[in-house]
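Protein chains in written order, with the numbering used here: chain A, 25 to 392; chain B, -13 to 266. C-beta: ideal position from N, C-alpha, C; glycine also. What follows is one structure encoded as structure tokens, with my remarks underneath.
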């Protein structure tokens, strides 16, 4: 993990920081009201989530079993999620869904509570997705992987030759020019570009960025659009494009019933493994309930519901997820060992490299 | 309290709610944003680097150029379409039908902005209505790339802003006394000369108010270019949002927003001559 050495010492904060802090405090109440809609009551659970956790089919069983209400606030991007926390009062939030690689960022800010490993089904998780390098900090577990998948090549198998999708060379060749969309999130797609040029995603440095940029520009030259989740899903589903760079089961599985032609491949160069985790807030006023919620999500039933959420599907981290045979087939559950063996970790740059990667991404987007 | 002091207090009492509102919802957030823009993302502390990054990074600068180009194109096309539309509504449509016509004109406002943008995406898509018409009529053998382009962004914007401009220009045309045109006719001016030398100059404030509103709303809009532009180029609001998503770089996002506000201010100063309320 990376602890930022520039973290300000509260006793030496300058005037701007103090003023900024006061301004934040002044805005906090209004911001929180806007963020949550309605504030929590005593036994409510307040969760900062991604859209897959907003599915009533996932939340209702927990609410009914415990006689509580789960108040959720969706966010996109760790930065936006942490900003919501900073603008809230301590104790406003109980649990958070977060990119597994970003758990150290929350720990660094002193936000998260260590989780009791003996009360979680860690032994049932796919070992490759436990992500201990990110979820365990200084020997304490602060997060547990709940769902994972791949940023790889999603495609329509009736429109493209599936054999071509076994190599990332297809993304930069002429054959599918204008038939490609790129998922608009710089970390996984930069990871894919790195794989395409033979780099390991866990070892990326600033020196690799020029070659990665060149690869990205080649992809962009072939692409019709660079879209966020909904736009890229829509483009693939409506036939606007036939290939989605960065796509995977999170795009194709949820649409399988309506469009069984959508599929994904793990090309010979590999794929980028994404994973999301659950973390508990240190200042939570309902830690018992928060733990119960995490236990529920990690249970076989909760995992099946989360994996097949109406927002997007993904592989459950728990190998014992109570999925039906059909759901397992759609998620290609039985192929996971092979997929995981070929997948590489999500790029986890430090703040400086992260900024440089985003700038490379910006240059790619602006390229004509 | 004597009558003199109560007389002085009354205007302040009346203006206090508006003043408080402005302070709370404009001045305070603006100061917070300005302070944030001068703060380093890593470690805090005063810095100008958030501003210098904008000028040093060609991709950032390009976002401003793209925004200005798109906004200028949208504003000009919207004015060119809205003026004749407003003129027909004000001058040619019988008085009793004008209200209905206006209601029909603003009908697109009744739909959600996001839904409207996605609707345009479907209309302009490869298999959308426009491409089907073009290929079906034999004009083109292959579908054109209309969606996910600057053209799509401009189309979505123009659809929205033509309605806005129509309203401001229509209001201006209706305020114009018929005496001006009668006087011009008495002096021997024909319809075209009357329009160019009398009607158009007198309705210029309405055009400028609408154009300025279009400029301000267009240059700050995130949704339309995000949905319709396909991220094939970045505009300033998209660049601002990009700083927040994962990295949470609010200082840089604030600096970019203030630069955008500065551009809007310059646009206001350029149009200020025509933006006096009493003339609009």
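Counting only Cβ pairs nearer than 9 Å, list the residues of chain B close to residue i.
i: residue 375(A); result: 27, 28 and 233
i: residue 239(A); result: What residue 239(A) touches in chain B: nothing, since even the nearest Cβ is about 17 Å away.
Can you tell me the Cβ-Cβ gap for residue i and residue j, rounded? I've got them flagged as a contact below 8 Å.
i: residue 177(A); j: residue 267(A); result: 6 Å
i: residue 64(B); j: residue 126(B); result: 27 Å between Cβ atoms; not a contact.
i: residue 326(A); j: residue 113(B); result: About 39 Å; that fails the 8 Å criterion.
i: residue 220(B); j: residue 58(B); result: About 17 Å separates the two Cβ atoms, so there is no contact after all.
i: residue 218(B); j: residue 208(A); result: The pair is not a contact, with the Cβ atoms about 11 Å apart (cut-off 8 Å).
i: residue 170(A); j: residue 330(A); result: 6 Å
Using a cut-off of 8 Å between C-beta atoms, extract the partners of residue i located in chain A.
i: residue 269(B); result: No information on residue 269(B) is available, as it lies outside the stretch -13 to 266 that chain B covers here.
Mapping the DSSP letters down to three states, classify residue i as helix, strand or coil.
i: residue 161(A); result: strand
i: residue 221(A); result: coil
i: residue 308(B); result: Nothing about residue 308(B) can be read from this structure; chain B reaches only from -13 to 266.
i: residue 337(A); result: coil
i: residue 50(A); result: Caution is warranted here: a pLDDT of 45 is assigned to residue 50(A), below 50, making its placement in the model unreliable, and no coordinate value can be reported.
i: residue 250(A); result: strand
i: residue 67(B); result: helix
i: residue 342(A); result: strand
i: residue 290(A); result: coil
i: residue 39(B); result: helix
i: residue 369(A); result: strand
i: residue 155(A); result: coil
i: residue 240(B); result: helix
i: residue 117(A); result: coil
i: residue 134(B); result: coil
i: residue 296(A); result: strand
i: residue 112(A); result: coil
i: residue 302(A); result: strand
i: residue 184(B); result: helix
i: residue 97(A); result: strand
i: residue 205(A); result: strand
i: residue 181(A); result: coil
i: residue 174(A); result: strand
i: residue 246(B); result: helix
i: residue 126(B); result: coil
i: residue 332(A); result: coil
i: residue 123(A); result: strand
Residues of chain A with CB closer than 9 Å to the CB of residue i, please, in chain order.
i: residue 216(B); result: 205, 247, 248, 249, 250, 251, 255 and 259
i: residue 282(B); result: With chain B running from -13 to 266 in the structure shown, residue 282(B) is simply not present.
Residues of chain B with CB closer than 8 Å to the CB of residue i, please, in chain order.
i: residue 263(A); result: 112 and 113
i: residue 351(A); result: Within chain B, no residue comes near residue 351(A); the closest Cβ sits about 29 Å away, beyond 8 Å.
i: residue 311(A); result: Ordered by position in chain B, no residue passes the 8 Å Cβ test against residue 311(A), which lies about 26 Å from the chain.
i: residue 76(A); result: The contacting residues do not exist; residue 76(A) stays about 18 Å from chain B at best.
i: residue 182(A); result: Residues of chain B passing the Cβ test: none, with the nearest at roughly 15 Å.
Just to make sure I have the definition right: I need the residues of chain A whose C-beta is within less than 7 Å of the C-beta of residue i. Which are they?
i: residue 36(B); result: Residues of chain A passing the Cβ test: none, with the nearest at roughly 12 Å.
Strictly below 7 Å CB to CB, what residues from chain B border residue i?
i: residue 5(A); result: A question about residue 5(A) goes unanswered here, because the residues of chain A that appear run from 25 up to 392.
i: residue 208(A); result: 217
i: residue 97(A); result: Within chain B, no residue comes near residue 97(A); the closest Cβ sits about 16 Å away, beyond 7 Å.
i: residue 196(A); result: Ordered by position in chain B, no residue passes the 7 Å Cβ test against residue 196(A), which lies about 17 Å from the chain.
i: residue 426(A); result: The first residue shown for chain A is 25 and the last is 392, placing residue 426(A) beyond what the model contains.
Any heavy atom of the ligand NAP closer than 7 Å to the CB of residue i?
i: residue 337(A); result: For the ligand NAP, the structure offers nothing, since it holds no ligand at all.
Determine, using beta carbons only, whether residue i comes closer than 8 Å to chain E.
i: residue 276(A); result: Looking at the structure shown, chain E is missing, and the protein chains on hand are A and B.
**Asked** Does the count of Cβ pairs from the segment 124 to 143 of chain A and the segment 300 to 318 of chain A closer than 8 Å reach three?
**Response** Touching, per the Cβ criterion.
**Asked** With contact counted as at least three CB pairs below 8 Å, one residue from each stretch, are the segment 204 to 224 of chain B and the segment 238 to 254 of chain A in contact?
**Response** With three or more CB-CB distances shorter than 8 Å, the segment 204 to 224 of chain B counts as touching the segment 238 to 254 of chain A.
**Request:** Quick one: which residues of the segment 126 to 148 of chain B get their C-beta closer than 8 Å to a C-beta of chain A? List them in chain order.
**Result:** Those would be 131, 133 and 134, in chain order.
**Message:** Tell me which residues of the segment 157 to 175 of chain A have at least one Cβ-Cβ distance to chain B shorter than 7 Å, keeping chain order.
**Reply:** Close to chain B, meaning a Cβ-Cβ distance shorter than 7 Å, is no residue of the segment 157 to 175 of chain A at all.
**Asked** Below 8 Å, can you find three or more Cβ-Cβ pairs linking the segment 147 to 160 of chain B to the segment 71 to 86 of chain B?
**Response** The segment 147 to 160 of chain B, when compared against the segment 71 to 86 of chain B, does touch it at the 8 Å Cβ threshold.
**Request:** Determine which residues of the segment 13 to 27 of chain B have a Cβ less than 9 Å from any Cβ of chain A, and write them out in chain order.
**Result:** Listed in chain order, the positions of the segment 13 to 27 of chain B with a beta carbon within less than 9 Å of a beta carbon of chain A are 14, 15, 17, 18, 21, 22, 24, 25, 26 and 27.
**Prompt:** Can you list, in chain order, the residues of the segment 41 to 59 of chain B whose Cβ is nearer than 9 Å to any Cβ on chain A?
**Reply:** Of all residues in the segment 41 to 59 of chain B, 43, 44, 45, 46, 48, 49 and 52 have a Cβ within less than 9 Å of some Cβ in chain A.
**Message:** What are the residues in the segment 234 to 255 of chain B lying within 8 Å of chain A by C-beta distance?
**Reply:** Within the segment 234 to 255 of chain B, the residues whose Cβ lies closer than 8 Å to any Cβ of chain A are, in chain order, 234, 235 and 236.
**Request:** Compile a chain-ordered list of the residues in the segment 210 to 225 of chain A whose CB is closer than 9 Å to at least one CB of chain B.
**Result:** Correct list: 210 and 211.
**Residues from the segment 180 to 213 of chain B in contact with chain A, defined by Cβ distance under 9 Å** = Legend: CB atoms of the segment 180 to 213 of chain B lying less than 9 Å from CB atoms of chain A belong to residues 212 and 213.
**Prompt:** Any chance the segment 312 to 331 of chain A sits against the segment 83 to 92 of chain A, with 3 or more Cβ pairs inside 8 Å?
**Reply:** Yes: at least three Cβ pairs fall under 8 Å.
**Message:** So, does the segment 199 to 207 of chain A touch the segment 363 to 377 of chain A, judging by three or more C-beta pairs under 8 Å?
**Reply:** Using a C-beta cut-off of 8 Å, the segment 199 to 207 of chain A makes no contact with the segment 363 to 377 of chain A, since fewer than three inter-stretch Cβ pairs fall below that distance.
**Prompt:** Does the segment 268 to 286 of chain A come close enough to the segment 129 to 137 of chain B to have 3 or more Cβ pairs within less than 8 Å?
**Reply:** Under the 8 Å Cβ criterion, the segment 268 to 286 of chain A does not count as touching the segment 129 to 137 of chain B, having fewer than three qualifying pairs.
**Cβ pair count under 8 Å reaching 3, the segment 267 to 277 of chain A against the segment 331 to 351 of chain A** = Yes: the two stretches touch, three or more of their Cβ pairs being nearer than 8 Å.
**Prompt:** Taking one C-beta from the segment 100 to 117 of chain B and one from the segment 192 to 204 of chain B each time, how about it: are there three or more such pairs within less than 8 Å?
**Reply:** Taking a contact to require three or more Cβ pairs closer than 8 Å, the segment 100 to 117 of chain B and the segment 192 to 204 of chain B do not qualify as touching.
**Asked** At a cut of 8 Å, does the segment 93 to 111 of chain A reach the segment 184 to 194 of chain A through at least three beta carbon pairs?
**Response** Short answer: they don't touch.
**Asked** Listed in chain order, which residues of the segment 283 to 309 of chain A have Cβ atoms closer than 8 Å to some Cβ of chain B?
**Response** Identification of residues in the segment 283 to 309 of chain A having a C-beta nearer than 8 Å to some C-beta of chain B yields an empty set.
**Request:** Check whether the segment 220 to 236 of chain B touches the segment -11 to 5 of chain B, counting contact only when three or more Cβ pairs, one atom from each stretch, lie closer than 8 Å.
**Result:** A contact between stretches requires three or more CB pairs, one per stretch, nearer than 8 Å, and the segment 220 to 236 of chain B fails this requirement with the segment -11 to 5 of chain B.
**Asked** Touching or not, the segment 288 to 303 of chain A and the segment 204 to 222 of chain A, by the rule of three or more beta carbon pairs under 8 Å?
**Response** Flag = yes, the segment 288 to 303 of chain A and the segment 204 to 222 of chain A touch.
**Asked** Listed from N- to C-terminal order along the chain, which residues in the segment 353 to 384 of chain A have their beta-carbon within a distance smaller than 9 Å of any beta-carbon of chain B?
**Response** If the cut-off is 9 Å between Cβ atoms, the segment 353 to 384 of chain A has 375, 376, 378, 379, 382 and 383 near chain B.
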